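There are 2 protein chains.
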Amino acid sequence: MEAKMPAGESLADAEGRTQARLADLRGRNYRIDMTRGKPSREQLDLSNEILTVLSAEDCVNADGDDYRNYGFGTGIPEAKVLLGAYMGVPAKQVIAGGNSSLALMHDTMVGAVLWGVPGGSAPWGKDAKFLCPVPGYDRHFAICERLGIEMINVDMRDDGPDMDTVEALVAGDPAIKGIWCVPKYSNPTGAIYSDAVVERLAAMKTAAADFRIFWDDAYTMHHLTDVRLQVMNILEACTATGHPDRPYMFASTSKIVHPGTGLASLAGSDANIADVAHKMSFQTIGPDKLNQMRHVRFFGDLDGMAVHMEKHATIIAPKFAVVDDALTRNLGGKNMATWNKPLGGYFFNVDLLDGCAAEVVRLAGEAGVTLTPAGATFPYGRDPRDRNLRIAPTLPPIEELERAMEVFCACVDVVSLRKLKAAA
Amino acid sequence: MEAKMPAGESLADAEGRTQARLADLRGRNYRIDMTRGKPSREQLDLSNEILTVLSAEDCVNADGDDYRNYGFGTGIPEAKVLLGAYMGVPAKQVIAGGNSSLALMHDTMVGAVLWGVPGGSAPWGKDAKFLCPVPGYDRHFAICERLGIEMINVDMRDDGPDMDTVEALVAGDPAIKGIWCVPKYSNPTGAIYSDAVVERLAAMKTAAADFRIFWDDAYTMHHLTDVRLQVMNILEACTATGHPDRPYMFASTSKIVHPGTGLASLAGSDANIADVAHKMSFQTIGPDKLNQMRHVRFFGDLDGMAVHMEKHATIIAPKFAVVDDALTRNLGGKNMATWNKPLGGYFFNVDLLDGCAAEVVRLAGEAGVTLTPAGATFPYGRDPRDRNLRIAPTLPPIEELERAMEVFCACVDVVSLRKLKAAA
Numbered sequence: 002m003e004a005k006m007p008a009g010e011s012l013a014d015a016e017g018r019t020q021a022r023l024a025d026l027r028g029r030n031y032r033i034d035m036t037r038g039k040p041s042r043e044q045l046d047l048s049n050e051i052l053t054v055l056s057a058e059d060c061v062n063a064d065g066d067d068y069r070n071y072g073f074g075t076g077i078p079e080a081k082v083l084l085g086a087y088m089g090v091p092a093k094q095v096i097a098g099g100n101s102s103l104a105l106m107h108d109t110m111v112g113a114v115l116w117g118v119p120g121g122s123a124p125w126g127k128d129a130k131f132l133c134p135v136p137g138y139d140r141h142f143a144i145c146e147r148l149g150i151e152m153i154n155v156d157m158r159d160d161g162p163d164m165d166t167v168e169a170l171v172a173g174d175p176a177i178k179g180i181w182c183v184p185k186y187s188n189p190t191g192a193i194y195s196d197a198v199v200e201r202l203a204a205m206k207t208a209a210a211d212f213r214i215f216w217d218d219a220y221t222m223h224h225l226t227d228v229r230l231q232v233m234n235i236l237e238a239c240t241a242t243g244h245p246d247r248p249y250m251f252a253s254t255s256k257i258v259h260p261g262t263g264l265a266s267l268a269g270s271d272a273n274i275a276d277v278a279h280k281m282s283f284q285t286i287g288p289d290k291l292n293q294m295r296h297v298r299f300f301g302d303l304d305g306m307a308v309h310m311e312k313h314a315t316i317i318a319p320k321f322a323v324v325d326d327a328l329t330r331n332l333g334g335k336n337m338a339t340w341n342k343p344l345g346g347y348f349f350n351v352d353l354l355d356g357c358a359a360e361v362v363r364l365a366g367e368a369g370v371t372l373t374p375a376g377a378t379f380p381y382g383r384d385p386r387d388r389n390l391r392i393a394p395t396l397p398p399i400e401e402l403e404r405a406m407e408v409f410c411a412c413v414d415v416v417s418l419r420k421l422k423a424a425a
Numbered sequence: 002m003e004a005k006m007p008a009g010e011s012l013a014d015a016e017g018r019t020q021a022r023l024a025d026l027r028g029r030n031y032r033i034d035m036t037r038g039k040p041s042r043e044q045l046d047l048s049n050e051i052l053t054v055l056s057a058e059d060c061v062n063a064d065g066d067d068y069r070n071y072g073f074g075t076g077i078p079e080a081k082v083l084l085g086a087y088m089g090v091p092a093k094q095v096i097a098g099g100n101s102s103l104a105l106m107h108d109t110m111v112g113a114v115l116w117g118v119p120g121g122s123a124p125w126g127k128d129a130k131f132l133c134p135v136p137g138y139d140r141h142f143a144i145c146e147r148l149g150i151e152m153i154n155v156d157m158r159d160d161g162p163d164m165d166t167v168e169a170l171v172a173g174d175p176a177i178k179g180i181w182c183v184p185k186y187s188n189p190t191g192a193i194y195s196d197a198v199v200e201r202l203a204a205m206k207t208a209a210a211d212f213r214i215f216w217d218d219a220y221t222m223h224h225l226t227d228v229r230l231q232v233m234n235i236l237e238a239c240t241a242t243g244h245p246d247r248p249y250m251f252a253s254t255s256k257i258v259h260p261g262t263g264l265a266s267l268a269g270s271d272a273n274i275a276d277v278a279h280k281m282s283f284q285t286i287g288p289d290k291l292n293q294m295r296h297v298r299f300f301g302d303l304d305g306m307a308v309h310m311e312k313h314a315t316i317i318a319p320k321f322a323v324v325d326d327a328l329t330r331n332l333g334g335k336n337m338a339t340w341n342k343p344l345g346g347y348f349f350n351v352d353l354l355d356g357c358a359a360e361v362v363r364l365a366g367e368a369g370v371t372l373t374p375a376g377a378t379f380p381y382g383r384d385p386r387d388r389n390l391r392i393a394p395t396l397p398p399i400e401e402l403e404r405a406m407e408v409f410c411a412c413v414d415v416v417s418l419r420k421l422k423a424a425a
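Chain order of the listed sequences is A and B.
Read in order, the letters of the first sequence correspond to residues 2 to 425 in our numbering.
Read in order, the letters of the second sequence correspond to residues 2 to 425 in our numbering.
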């Protein structure tokens, strides 16, 4: 990508103009947090009824089991039915957990490191490696880094990871134990895994007998348009190719109801579920079953969840439009940035000129707009080209978001022109 | 302990009589579960208001922070204040966690094994050893066994573990990294740690610089009498002797509100809290803050919790009386069993003649009364004398409990007499 000057304007003129613009914005003393994909208050209000929906009567099932008491260590049947429908998996292959799918992923990885997984001959230990489609989710990468699992970058494309590279790597190295995947509306690029990619992930030969796909289906119902995109079912695809134990599927309702009080789940083959349940039996007496029942009462069924998600989309789609409009108006045609047009999920992915991302974050911060740190979307926090940024539009009110985007675009202008000048 | 015959009855007569009695009881087709310390439905009903106590307005604090959103990874301030009061620790030294103190203990141990703890020069790895006062809590021991941590039995006395043995062991072996303690109304013996024991635990020299006391204060407000027993504060005692990082204190409200939907907490020195918080930051975005706020709204403060606990005591004290009465009436003076008189907590501890515990459990099971397996109260499930059993009186209604105790005592009679006969 090569930056283009506005016709008839010198580099020096453009630089002066954009710096004046940024100085003006800085003088307005904004204070806007764009760091994480947080829902707005209006979105949170959508779920207020869940706070009081549960009565003591709701806690006793048809068999007389009282969910207010101990028992049901892998979750209550009603929650497994709801989450199974959500994940496209039979209820019996679902663990309905606590409030955090990240904890399920972290603990599953810790369990693999300490005790191994079905199909393996030994614990993963500290010599395991993991494939990381980039850019990706910082908290996935942090788990690997923490456990000393070496991360290998693989390019993320619009339809999923670069499968030629993935196939070559996993076939050649038995230390490569898995891959992180966010299959729909990927964080942050918005990628949607194609059937071909899912089929190749399911069918590929892996040197490791205990290879695992950590399938974090975080945004499966988080549509921004009327299109109800379906990604091919990874568990079915893997089962069809004789690798039923390959995927661990994760989901949560944190961005559906209230973050922190959602419902996390793990799904997979019978062998994986039995293994995970065994590991969990040492860790906890069981999940918060009443919060599970609260979800069941609040949503009823999958249709209820879908209706609820439409309300979210109604609130956040205009915010995504604000970001796209601002980027198009301010940076369109300048070849200073490329960005995706998300069909769902929580983020925009912006690629700048090489070497500009960290400086844009710094300048924006000075102007009162806190962005996710540059590099956060890469393993070890290192973006080899220092060009990738993630924008999270959901939290600020529209007016604040418009301001934040003005600042962002002005910073991109200034930093890109400096870069150009230095190269000239 | 030597069993005594009723005056004027032969061993054969006694055996015939007790076997007939057991056969009669078996014919009644009881089906009573005495395996775990579960609250009864009446107890669960005490907390029904917590289900609907929280409104959306309650979720926003004075600073405008919205607990329905992300943030507050170590818990909300209001919950830390309540739990700090409960644990006798400043709020800033409290982590208000999820629903399971067992998970906090498990994850703290896993973290120590993988990454070490403050004061240590290396992770604990798989060569660590742990002291286990016996009899004790099976789930504590299971965590150690799972992690390959060698467990060393230490006798539990009425005032805590045998400290002469503890001191000698920890001074001599740097691989001994810690000890499990349930300081008040200990599971299952009902032991109450004396000031002298707490002071010795705090002051003792340990060969391991990173020695830890896992202080599971599970029953701190679970009084059965009007006496509000206080155990000396372990954190203060350890701080006074220059070992502020020695204790990890754990608590939960699982047996105060509804099991599974309680609030777990960890308290300790600033260094320990910072370390645990760092480790947790890789695992989860944070706990269920709304369930924390629910607790705060339901209880108000520590006095509110105390009043609530009195209601529990009113319900369960008569059940403890049933057990003690049955044991006294059926086994008193026979020298077949000794048992404690719990002042709080959830269990009776019964010691039979050596070699009788497993057989009593088996016979009782045949008669429809499921007891906690013999050996469960010891590391590796192995009671070296096969004599210790745990009785959990809270769950069954009084009438069922009376029946269960009839069966239990008849089984003890039969098994003890057989034992005597074999020895005669």
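Even for Gly, the Cβ is constructed at its ideal location relative to N, Cα and C.
Keep in mind the model is a prediction, meaning the values are calculated, not measured.
Any C-beta of chain B under 8 Å from that of residue i
| i | result |
| --- | --- |
| G179 of chain A | no |
| R32 of chain A | no |
| R147 of chain A | yes |
| V111 of chain A | yes |
| R391 of chain A | no |
| R42 of chain A | yes |
Test item: CB-CB of residue i and residue j under 8 Å
| i | j | result |
| --- | --- | --- |
| T315 of chain B | A104 of chain A | no |
| P184 of chain A | D218 of chain A | yes |
| R298 of chain A | L55 of chain A | yes |
| L132 of chain A | L84 of chain A | no |
| L364 of chain B | V416 of chain B | yes |
| G117 of chain A | D211 of chain A | yes |
| D139 of chain A | L396 of chain A | no |
Residue i burial status per 10 Å Cβ neighbour count (16 or more: buried)
| i | result |
| --- | --- |
| H279 of chain A | exposed |
| N331 of chain A | buried |
| R29 of chain B | exposed |
| Q231 of chain A | exposed |
| I392 of chain B | buried |
| D108 of chain B | buried |
| S102 of chain B | buried |
heavy atom of the ligand ZN below 7 Å from residue i C-beta
| i | result |
| --- | --- |
| V198 of chain A | The ligand ZN is absent from the structure shown, which contains no ligands of any kind. |
Residue i: contacting residues in chain B (beta-carbon distance under 9 Å)
| i | result |
| --- | --- |
| K81 of chain A | The premise fails here: K81 of chain A is roughly 16 Å from chain B at the closest Cβ pair, so nothing lies under 9 Å. |
| T53 of chain A | L52, T53, V54, L55, S56 |
Chain-ordered neighbours of residue i on chain A, where CB pairs are closer than 8 Å
| i | result |
| --- | --- |
| N62 of chain B | The premise fails here: N62 of chain B is roughly 14 Å from chain A at the closest Cβ pair, so nothing lies under 8 Å. |
| K290 of chain B | G261, T262 |
Beta carbon proximity, residue i to chain A, threshold 8 Å
| i | result |
| --- | --- |
| N188 of chain B | no |
| G434 of chain B | For chain B, the structure presents residues 2 to 425; residue 434 of chain B sits outside this window and is missing. |
| R388 of chain B | no |
| I96 of chain B | no |
| I144 of chain B | yes |
| A104 of chain B | yes |
| H107 of chain B | yes |
Residue i: contacting residues in chain A (beta-carbon distance under 7 Å)
| i | result |
| --- | --- |
| Y71 of chain B | R37, K39, P260, G261 |
| S101 of chain B | T285, I286 |
| H244 of chain B | Those do not exist, as H244 of chain B stays about 28 Å from chain A at its closest Cβ, beyond 7 Å. |
| L45 of chain B | D67, R69, N70 |
| R201 of chain B | Residues of chain A passing the Cβ test: none, with the nearest at roughly 31 Å. |
| N49 of chain B | A57 |
7 Å Cβ cut-off: residues of chain B touching residue i
| i | result |
| --- | --- |
| R383 of chain A | Those do not exist, as R383 of chain A stays about 18 Å from chain B at its closest Cβ, beyond 7 Å. |
| R298 of chain A | Chain B residues near R298 of chain A: none, gap ~11 Å exceeds 7 Å. |
- Does the pairing of the region 252-269 of chain B with the region 75-95 of chain B give three or more beta-carbon distances under 8 Å? Contact holds: three or more Cβ-Cβ distances are below 8 Å.
- Query: Can at least three beta-carbon pairs, one atom from the region 56-67 of chain B and one from the region 221-238 of chain B, be found at a separation below 8 Å?
  - Reply: By the Cβ rule, the region 56-67 of chain B does not count as touching the region 221-238 of chain B, because fewer than three pairs are nearer than 8 Å.
- Decide yes or no for the touch test of the region 186-200 of chain A against the region 152-172 of chain A: beta carbon pairs closer than 8 Å, at least 3 of them. The answer is yes - the region 152-172 of chain A touches the region 186-200 of chain A, with three or more Cβ pairs under 8 Å.
- Task: Pair every Cβ in the region 222-229 of chain A with every Cβ in the region 329-344 of chain A, then say whether three or more of these pairs are closer than 8 Å.
- Result: These segments touch.
- the region 318-336 of chain B contacting the region 395-414 of chain B, beta-carbon criterion three pairs below 8 Å: Taking 8 Å as the limit for Cβ pairs, the verdict is that the region 395-414 of chain B does touch the region 318-336 of chain B.
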